[in-house]
Each structure stands twice: as C-alpha cells, then as structure tokens.
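Below is one structure, written out as structure tokens; the observations come after it.
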Amino acid sequence: NAALLRENGFACRVDDCIIERVDLEELLRKVDRWRPGLAVINTATPSIAHDLAVADRIKSLVPECVIAAIGIHVTALPEASLVMSEGLDAVVRGEPELTALDLAKMVAGGAWPGSIPGLAVRGDRGTEREPADLDGLPWPAWDLVRRELYTLPFSGKPFLMVGTSRGCPYHCRFCADPTYYGHKLRTRSPERIVAELKRNRDDYGTRDFLFWSESFTLKREWTRQVLEAIIEADLGVRFVVNSRTDHVDPELLALMKRAGCWMIGYGVESGSERVLKLTNKRITLKDNANAIQWARDAGLQVTAHLVIGYPGETAQDIQQTIDFACAQPLDFAQFYCAV
C-alpha cells in the first residue's frame with residue numbers, strides 16, 4: 002500500500018505496532034503529530050474488536066481523518082465491521098492496493114465520500130474490483146519499517162517477504178484466502194521476482210526471504226522458471242516456500258534446493274482421510290507422506306500445517322492427526338484451531 006501511495010506523490014508512514022511494541026497511547030501520539038488525511042488499519046479476526054476500536058480513538062483525535070480497514074475479516078463482513086465502529090468510514094474489500102490509492106486521491110481532492118470499486122461504506126456494500134496486475138505493483142517500501150525487528154524464528158536472521166503469486170483455484174472449505182485474493186491464480190514474472198530479490202539484497206543487505214503465496218507450486222512450469230531464474234542470477238539468497246503436497250515431486254524439490262530453498266511448508270491439514278474429504282482438500286495421506294519424505298531426501302527442512310477442530314471431526318480424527326505428524330520426519334508442525 003505505502004509503496005504505491007508514495008509512488009503517486011503521497012507522504013506515508015507505516016506503524017507495525019505489534020513488532021515495534023507500540024501501545025495504543027503511543028500510536029495515538031504518533032497520529033496526533035502526523036495528523037493524516039487517511040488512515041488504513043490492517044485487521045484480523047482474532048483482534049477485530051480491538052482493531053476497530055483503534056479507528057474510534059483515531060477519529061476522536063483527528064475528526065477530519067478518513068479511516069479505512071483492510072483484511073480478510075472486513076472483506077467478508079463489511080457491513081458488520083462498519084457497525085462495530087463509529088469511527089470507521091470505509092472497508093476495502095479484497096486486495097487493498099488499487100482501492101486504497103483511489104481512496105487517497107479522492108480524499109486529497111476533497112471528493113470524499115464517493116463511490117470507488119472495491120470500497121464499502123455505510124449503506125453501500127460497494128462493487129467488487131478487478132485484481133491488480135502483480136507485475137505492475139511497486140516493490141514494498143521496506144525503508145518505512147524497522148527491518149532489523151523482522152527475524153526468522155528458527156535462525157534469528159533478518160528476512161523479508163516477497164510476494165510471488167496470489168489466488169488459488171482450489172476450494173478447501175476451511176480456507177479464507179480466496180475471499181481476499183480470489184480463485185484465479187495470478188503469478189509474477191520470474192524476472193520481476195529476481196529483480197526484487199536483488200534489490201532487497203543490495204539495498205537492505207537481506208539474504209533470507211519468505212516467498213508469500215497460497216502455494217508456490219500450483220503452476221509447475223512457472224515454478225520451474227522462477228527457480229531457474231534465481232539459479233541463473235546467482236544471488237546467494239535463501240528462501241522458504243509453501244506448497245500443497247500433491248504439487249511436488251523429487252525433481253522439483255531438488256531444483257528448489259539448488260535455487261536456495263531450505264524449508265518447505267506443506268498444507269498437510271489432517272491425519273484422517275475422512276477429515277481430508279470433509280474439508281475438500283483433495284489430497285490423501287499418501288500424498289502427504291510422499292511429499293514430506295521427498296523434501297527430506299532433497300535436503301529440505303519440512304514444516305507441516307495442520308488443522309484441529311474442523312466441524313464433523315472427532316476425538317479419534319484429532320488423535321490420528323497427532324499420530325500422523327509424530328510419525329513423519331518433520332522438522333516443525335504447526336497446529337491451527339478451525340474457526
């Protein structure tokens with residue numbers, strides 16, 4: 002968001018209050034000094050009440066500031082979110098970059114309130130917006146955040162995220178990402194990804210990256226092209242990816258290792274065939290076991306992401322998931338509670 006806004010002439014600041022350990026009162030002091038015309042608040046379901054309460058406090062401090070919220074929760078429930086906060090003026094539905102830019106232009110031009118594709122306001126859910134061309138978006142404005150605070154939990158090394166694609170054609174019933182990014186897979190060009198990696202290495206001294214996407218391996222030929230482009234550029238970087246277990250094979254995993262990948266995170270989800278069918282994941286326990294072993298054979302570390310408490314799941318299913326995870330040659334396992 003900030004990179005695109007700044008590219009279009011807007012002065013921006015980014016406050017990541019969690020990582021910077023900024024409490025609400027300190028944030029409000031920053032807002033009072035900055036006196037923004039537009040404030041965009043990132044939200045999440047577990048913290049939605051607190052997130053939207055921040056909008057009320059900002060509005061009481063700077064009444065002229067237009068306040069918008071972004072995130073999966075407000076995208077799915079725009080009307081309910083607007084009801085929760087009197088200070089919240091608008092909700093960005095879906096990907097925020099282009100809608101936030103249009104909103105900033107409208108606010109700067111004195112035309113607020115007005116109708117913008119992708120924006121919901123009180124009494125108007127708004128219309129959906131065509132997703133952005135990913136290669137047309139600027140690289141993130143990492144100079145606006147305290148990069149030294151973002152370190153990998155396993156190594157303590159500084160890292161940055163690089164968005165490689167958005168969207169997923171699958172319809173897993175527990176997944177909220179399509180609400181935000183849609184079901185159509187959109188990929189960035191290998192050349193653009195390599196150029197961003199080089200920029201981050203040269204300008205910020207960062208050599209560790211998390212490739213941010215629903216799954217890095219949904220389109221095998223594109224994945225291969227990205228990996229080969231990284232190898233050809235000889236960047237000397239390391240990265241972590243996410244993947245479905247039915248979209249890898251020994252050859253592709255070996256190529257990942259050559260390119261600098263050191264860990265792969267799989268959506269294993271469950272150790273119960275019955276629950277995998279309930280969730281419409283469209284994978285099997287054999288897919289999961291094979292993918293884990295192939296990654297280990299390629300020299301990659303493996304993280305399994307698993308869901309506990311899916312509707313219809315029994316205590317026996319949960320135990321099967323735990324047993325399956327313990328039986329695999331995993332390096333890490335993350336268990337998520339279905340909400």
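Each position in the sequence shown, counted from 1, maps to that position plus 1 in my numbering.
Glycine included, each C-beta is placed from N, C-alpha and C at the ideal position.
* To do: Use the C-beta contact count for S116: other C-beta atoms within 10 angstroms, 16 or more gives buried, fewer gives exposed.
  => exposed
* **Among V67, V122 and E131, the one whose alpha carbon lies nearest that of V108** => V67
* Asked: Pick from R283, G300 and E270: whose alpha carbon is nearest that of D318?
  -> E270
* Pick out the complete beta strand (DSSP E) segments inside the region 251-328, 3 residues or longer, and give them in chain order. => 262-270 and 302-309
* Asked: When you compare each of H306, R221 and R174 to Q335 by their alpha carbons, which one comes out closest?
  -> H306
* Asked: If you pair each beta-carbon of the region 290-308 with each one of the region 232-249, do three or more pairs fall below 8 Å?
  -> yes
* In angstroms, rounded to a whole number, what distance separates the CA positions of I59 and G95? -> 23 Å
* Asked: Mind checking Q329: buried by the 16 CB within 10 Å criterion, or exposed?
  -> buried
* Using three-state DSSP, classify S190 as helix, strand or coil. => coil
* Asked: Rounded C-beta distance between C173 and K282? I'm assuming under 8 Å.
  -> 5 Å
* DSSP state of L219 mapped onto helix, strand, coil -> coil
* Asked: So W213 is in the alpha helix (DSSP H); what residue range does that whole segment cover?
  -> Per DSSP, W213 belongs to no alpha helix (DSSP H); it is in the beta strand (DSSP E), D209 to W213.
* Can you tell me the Cβ-Cβ gap for C18 and L6, rounded? I've got them flagged as a contact below 8 Å. => At roughly 19 Å, the Cβ-Cβ gap does not stay under 8 Å, so C18 and L6 are not in contact.
* Below 9 Å between beta carbons: does that hold for S61 and G88? -> yes
* To do: On the DSSP bridge assignment, give the partners of S244 in chain order.
  => Y267
* Helix, strand or coil: which one does DSSP assign to L39? -> strand
* Asked: Can you round the beta-carbon distance between L153 and L186 to whole angstroms, since I take them to be within the 8 Å contact cut?
  -> With 8 Å as the limit, L153 and L186 do not qualify as a contact, their Cβ atoms being about 27 Å apart.
* Whole-Å CB distance - L138 paired with A3, under 8 Å assumed -> About 12 Å; that fails the 8 Å criterion.
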